[in-house]
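*Asks:* Here the protein sequences come in this chain order: V and E. For the first sequence, numbering that gives the first Met the number 0 begins at 0 and goes up steadily by one. For the second sequence, numbering that gives the first Met the number 0 begins at 0 and goes up steadily by one. Built from N, CA and C at the ideal position, the CB exists for glycine as well. As the structure is a computational prediction, the values presented were derived from the model and not from experiment. The following block contains the structure, expressed as structure tokens.
2 protein chains.
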Amino acid sequence: MNSWQGFYTGRRVVVTGGLGFLGSNLAHALASAGAEVTILDALVPGCGGNPENLEGTARCCRVVRTDIGEMAGTAGAIDDCEVVFNLAGEISHGRSMTEPERDGELNTAAQLRFLGLLAHMRPGIRVVYAGTRQVYGVPLSLPVDEDHPIDPVDFNGIHKYAATMYHMLYSRLGQLDAVVLRLSNVYGPRMALNVPGQGFLGVFLRRALLGEELGVYRPGDQLRDPIFVDDAVEAFLAAGAAPVLRARSFNLGGAQALRLDEIAEAIARAAGTESRVRFLEFPKQDKAFDIGSYVADWSRARQLLGWQPRTDFATGIERTLRFYRERWETYLPGAGSLWETAPGR
Amino acid sequence: MNSWQGFYTGRRVVVTGGLGFLGSNLAHALASAGAEVTILDALVPGCGGNPENLEGTARCCRVVRTDIGEMAGTAGAIDDCEVVFNLAGEISHGRSMTEPERDGELNTAAQLRFLGLLAHMRPGIRVVYAGTRQVYGVPLSLPVDEDHPIDPVDFNGIHKYAATMYHMLYSRLGQLDAVVLRLSNVYGPRMALNVPGQGFLGVFLRRALLGEELGVYRPGDQLRDPIFVDDAVEAFLAAGAAPVLRARSFNLGGAQALRLDEIAEAIARAAGTESRVRFLEFPKQDKAFDIGSYVADWSRARQLLGWQPRTDFATGIERTLRFYRERWETYLPGAGSLWETAPGR
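Below, the structure written as structure tokens:
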């Protein structure tokens, strides 16, 4: 039994960025839990939103197409909500380096306008914000807990941290009641495999599905702790329903710490295609904001939210591959399915 | 002999916010040191800029009236500069709470555009940024060193920290060579005594000069370490001239840690007017972002920049009061001079 069981039945919740990867998975879970879900999503090109992600929700979700920074569109959508899951934004580290102002507008300025409006219209409301481990920059030691110094190595990390500080400040002032979940790499169904900059796991999955090589940047022993999206969703549901917490920031990580080359091998193997792993030189423009190894210390989330990652990587990858193979035309249109033509399958 | 002696002779330097309090004092010092000074200042209402602050510089300074976030005006002013002192911005904590978007535009978005342009036009240039102790929020212990956790309690602190992170990121990328000086309360000649939100020291000085009561928020034992502006300027000059440093952030503080009531008493006494100190209840809207006591640990600046505050508070206040009394019509126009009418003076 989950800590939030029954909490969402009939509850009016808002999911910003709810047409995106994580947001839509959360919307599915909320709908299944009986919530009245309103989704705010501007479908900003490049951010990974996709209306097809909502296909098959247990209840109908209201979708409002608006930028969260636009008062007019947003006000009417949030006026009676009881919990907000704030996932709108751009996650591409690379794009933030070439277009820092765009990243600042999407991840910082729009958040300030949104939170100001929310604090005004729904004072004291619980907001669960999708933060990022990128705010820590290059880890000083592993695993990384929430007291690790803040030292982002790219504009995306800076802007997400500024938005984190907004959440904290409004909470200190008693105008919002925010919880920030700092995510490691999330993977699973509904990742935008066709959109650049959505993380290496989406690239690996796409290439494995297509039977293409998986390129691992040398040395390949960098650690990551990928979180299966259902586990991440579980943390959001727990955070949205939790009573007043004695901390507001929580690191989330996956069930296992794995090397990049292990991750690539596991995905290639699971895909059962001709996909193979190949080592590549680290591109200079990417190396500049590489963080080396990262593993989250999620013990605070376990203690205060009763959360822990439950899905091992092999299981998560298997579920993910199955999802895409059953929806090939939606997520990999025109790419042709090796799966269907692979011998013996 | 100063560490920067001779460094600025004939050197082309830019001072953003150079018509403001600290910026103009720095411009005076740079001009005296023989630098070719270009000032960028938009004279944004409320930010404290004042062209009269430049009166009497040892050499003529070029003044370009432009927002640092506006490419067109800025590009021509920075195209051959060798050192940038980046002081433009809004310092009012209170105004940031009522107009957070304005503060974000002035202190964060404009800085991003400026630094991007600077990194493009003058790659690798030394930039000395005027940061603030406000990024630390409520001190966990005193004195506060540069490793203190970041936890700003107002929008101004958030936005100044975002700009700090921009400086750090561009430096990490090798595109700028930034030094961030985190200032405690600075006081001295050329404070904007007529502009609200420029800090309690300006309010005290103004009221003391006018013979009005100095209101100290209870309990009055909050510690501050006011820096005389000449000492702050000295740190900027040292930071602009220093070779590559093994740290980029430096806390600056004053020569003494004093209680608010001691500060008020000292100013009232030095003013020699009818001014008296009175204790007031802490206004609720200000209390929300009060940081309690603050004292900087400036030992890193002493070690790496060879800097230390040299002016004791009594001396600094005396010099400050004398400055204003000699320029009453410029800085307190129409207020009438108690000084001139005070008996026996």
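How is the alpha helix (DSSP H) around Ser31(E) delimited, first residue to last?
*Replies:* Counting from one through the second sequence, the residue named residue 31(E) turns up at place 32. Here the alpha helix (DSSP H) through Ser31(E) covers Phe20 to Ser31.
*Asks:* Strictly under 9 Å for the Cβ-Cβ distance: is Ile290(V) near chain E by that measure?
*Replies:* The residue labelled residue 290(V) in the question sits at position 291 within the first sequence. It does not; no Cβ of chain E falls within 9 Å.
*Asks:* Between Glu54(V) and Val12(V), which are expected to be in contact by the criterion C-beta below 8 Å, what is the C-beta distance as a whole number of angstroms?
*Replies:* As a first step, residue 54(V) is located in the first sequence; it is residue number 55 there, counting from the start. As a first step, residue 12(V) is located in the first sequence; it is residue number 13 there, counting from the start. That belief does not hold up - the Cβ atoms of Glu54(V) and Val12(V) are roughly 20 Å apart, past 8 Å.
*Asks:* Going along chain V in order, which residues have a C-beta closer than 7 Å to the C-beta of Tyr165(E)?
*Replies:* Here residue 165(E) is taken as the residue at index 166 of the second sequence, counted from 1. The answer, in chain order, is Ile157.
*Asks:* Leaving out five residues before and five after Gly5(V) in sequence, what residues of the same chain have Cβ atoms less than 8 Å from its Cβ?
*Replies:* Sequence index remark: in the first sequence, residue 5(V) carries index 6 (1-based). Around Gly5(V): no qualifying Cβ.
*Asks:* Are Ala41(V) and Ile67(V) touching if we call contact CB-CB under 9 Å?
*Replies:* For the purposes of this step, residue 41(V) is identified with residue 42 of the first sequence, where counting begins at 1. For the purposes of this step, residue 67(V) is identified with residue 68 of the first sequence, where counting begins at 1. Contact: yes.
*Asks:* Chain E partners of Phe360(V), CB-CB under 9 Å?
*Replies:* This structure cannot settle anything about residue 360(V), because the visible part of chain V is limited to 0 through 344.
*Asks:* Look at the alpha carbon of Gly291(V) and the alpha carbon of Asp153(V), and state the distance between them as a whole number of angstroms.
*Replies:* The residue labelled residue 291(V) in the question sits at position 292 within the first sequence. The residue labelled residue 153(V) in the question sits at position 154 within the first sequence. Each residue's Cα considered, the two are about 14 Å apart.
*Asks:* In whole angstroms, what is the alpha-carbon distance linking Val62(V) and Cys46(E)?
*Replies:* Here residue 62(V) refers to the residue found at position 63 of the first sequence. Here residue 46(E) refers to the residue found at position 47 of the second sequence. One C-alpha to the other measures close to 42 Å.
*Asks:* Output yes if chain V places a C-beta closer than 9 Å to the C-beta of Gly103(E); else output no.
*Replies:* Looking up residue 103(E) in the second sequence gives position 104. Chain V, which has a Cβ nearer than 9 Å to the Cβ of Gly103(E), makes this yes.
*Asks:* Helix, strand or coil: how does DSSP classify Leu116(E) here?
*Replies:* Position 117 of the second sequence, counted from the first residue, corresponds to residue 116(E). Three-state result, Leu116(E): helix.
*Asks:* How many Å lie between Ile38(V) and Phe288(E) at the Cα?
*Replies:* Here the question's residue 38(V) lines up with position 39 in the first sequence. Here the question's residue 288(E) lines up with position 289 in the second sequence. If I take the Cα positions, the gap works out to 33 Å.
*Asks:* Looking only at its own chain, which residues have a Cβ that is under 7 Å from the Cβ of Ser31(E), when we skip the five neighbours before and after it?
*Replies:* Numbered from its first residue, the second sequence carries residue 31(E) at position 32. Counting only Cβ-Cβ distances below 7 Å, and skipping sequence neighbours, we find Ala57.
*Asks:* To the nearest angstrom, report how far apart Ala26(E) and Trp306(E) are at their CA atoms.
*Replies:* For the purposes of this step, residue 26(E) is identified with residue 27 of the second sequence, where counting begins at 1. For the purposes of this step, residue 306(E) is identified with residue 307 of the second sequence, where counting begins at 1. Approximately 19 Å between the Cα atoms of the pair.
*Asks:* Give a yes or no on whether the minimum CB-CB distance between Val127(E) and chain V is below 9 Å.
*Replies:* Reading the second sequence from its first residue, position 128 is the one you call residue 127(E). With 9 Å as the cut-off, Val127(E) does not count as an interface residue toward chain V.
*Asks:* Judging by CA-CA distance, which residue of Phe113(E), Gly130(E) and Ala254(E) is the nearest neighbour of Met70(E)?
*Replies:* As a working note, residue 70(E) is residue 71 in the second sequence. Comparing Cα positions, the closest option is Phe113(E).
*Asks:* Whole angstroms are fine: how far does the CA of Gly187(V) sit from the CA of Gly343(V)?
*Replies:* As a working note, residue 343(V) is residue 344 in the first sequence. As a working note, residue 187(V) is residue 188 in the first sequence. Bear in mind that the predicted position of Gly343(V) carries a pLDDT of just 39, short of 50, making it too unreliable to give a figure here.
*Asks:* Just to confirm my understanding: we take Tyr160(V), look at its own chain, exclude 5 residues before and 5 after, and list those with CB closer than 7 Å. What are they?
*Replies:* By 1-based counting over the first sequence, the position of residue 160(V) is 161. For Tyr160(V), the CB contacts under 7 Å within the same chain, skipping 5 residues up- and downstream, are Val134, Ile149 and Pro151 in chain order.
*Asks:* Quick one: any contact between the region 258-271 of chain V and the region 214-233 of chain V, if contact means 3 or more CB pairs under 8 Å?
*Replies:* yes
*Asks:* I want to see whether chain V comes within less than 9 Å of Arg132(E), judged by CB atoms only; does it?
*Replies:* For the purposes of this step, residue 132(E) is taken as the residue at position 133 of the second sequence. False, the Cβ-Cβ gap to chain V never drops below 9 Å.
*Asks:* So Pro99(E) contacts chain V; which residues on that side make the cut at Cβ distance below 7 Å?
*Replies:* Numbered from its first residue, the second sequence carries residue 99(E) at position 100. Those within 7 Å of Pro99(E) in chain V are Leu111 and Gly115.
*Asks:* Would you give the residue range spanned by the beta strand (DSSP E) that Ile124(V) belongs to?
*Replies:* Within the first sequence, numbered from 1, the residue matching residue 124(V) stands at position 125. Ile124 to Thr131 is the span of the beta strand (DSSP E), which, as asked, contains Ile124(V).
*Asks:* Going by DSSP, what residues sit across from Asn250(V) in a beta bridge?
*Replies:* Position 251 of the first sequence, counted from the start, is the residue given in the question as residue 250(V). Bridge pairing for Asn250(V): Arg181(V) [DSSP].
*Asks:* Report yes or no: do the region 163-176 of chain V and the region 202-212 of chain V share at least 3 C-beta pairs separated by less than 8 Å?
*Replies:* Fewer than three Cβ pairs drawn from the region 163-176 of chain V and the region 202-212 of chain V lie within less than 8 Å of each other, which leaves the two stretches out of contact.
*Asks:* Using a beta-carbon distance below 9 Å, is Leu182(V) in contact with chain C?
*Replies:* Note that chain C does not occur in the displayed structure, where the protein chains are V and E.
*Asks:* Could you give the first and the last residue of the continuous beta strand (DSSP E) run that contains Asn85(V)?
*Replies:* The residue labelled residue 85(V) in the question sits at position 86 within the first sequence. Counting along the chain, the beta strand (DSSP E) containing Asn85(V) begins and ends at Val82 to Asn85.
*Asks:* Answer with yes or no whether the minimum CB distance from Ala246(E) to chain V is below 9 Å.
*Replies:* For this step, residue 246(E) is matched to residue 247 along the second sequence. Chain V contact via Cβ: absent.
*Asks:* Any idea what DSSP makes of Ser260(E), helix, strand or coil?
*Replies:* By 1-based counting over the second sequence, the position of residue 260(E) is 261. In the sequence as presented, Ser is not what sits at residue 260(E); that position holds Asp. In this structure, DSSP gives Asp260(E) a helical state, which the three-state scheme calls helix.
*Asks:* If you drop the 5 nearest sequence neighbours on each side, which residues of the same chain put their C-beta closer than 7 Å to that of Leu251(V)?
*Replies:* If you number the first sequence from 1, residue 251(V) lands on position 252. For Leu251(V), where only same-chain residues beyond five positions count, the Cβ hits under 7 Å are Leu180, Arg181, Leu182, Ser183, Ile226, Ala231, Ala234, Ala295, Trp297 and Ala300.
*Asks:* Heavy atom of the ligand ZN less than 8 Å from the Cβ of His27(V), yes or no?
*Replies:* In terms of ligand content, the structure shown is empty, and the ligand ZN therefore cannot be addressed.
*Asks:* Would DSSP call Ile316(V) helix, strand or coil?
*Replies:* Within the first sequence, the letter at position 317 stands for residue 316(V). In this structure, Ile316(V) counts as helix in the three-state DSSP scheme.
*Asks:* In the DSSP assignment, find the unbroken beta strand (DSSP E) run with Val14(E) in it and report its ends.
*Replies:* Looking up residue 14(E) in the second sequence gives position 15. It spans Arg11 to Thr15 - the beta strand (DSSP E) in which Val14(E) sits, taken as one unbroken run.
*Asks:* Of all Cβ atoms in chain V, is any one closer than 9 Å to the Cβ of Tyr186(E)?
*Replies:* Here residue 186(E) is taken as the residue at index 187 of the second sequence, counted from 1. Taking Cβ atoms only, chain V never reaches closer than 9 Å to Tyr186(E), which makes this a no.
*Asks:* DSSP on Ala76(E), reduced to helix/strand/coil?
*Replies:* Taking the first residue of the second sequence as 1, we reach residue 76(E) at position 77. Here Ala76(E) sits in helix by DSSP.
*Asks:* Once you ignore the five residues that flank Ala74(V) on each side, which residues in its own chain have a CB closer than 8 Å to its CB?
*Replies:* If you number the first sequence from 1, residue 74(V) lands on position 75. Excluding residues within five positions, the ones whose Cβ falls inside 8 Å are Leu116 and Met120.
*Asks:* Which residues in the same chain have their Cβ closer than 7 Å to the Cβ of Leu21(V), if we skip the five residues on either side of it in sequence?
*Replies:* Within the first sequence, the letter at position 22 stands for residue 21(V). The residues are Leu86, Ala129, Val185, Val228 and Ala231.
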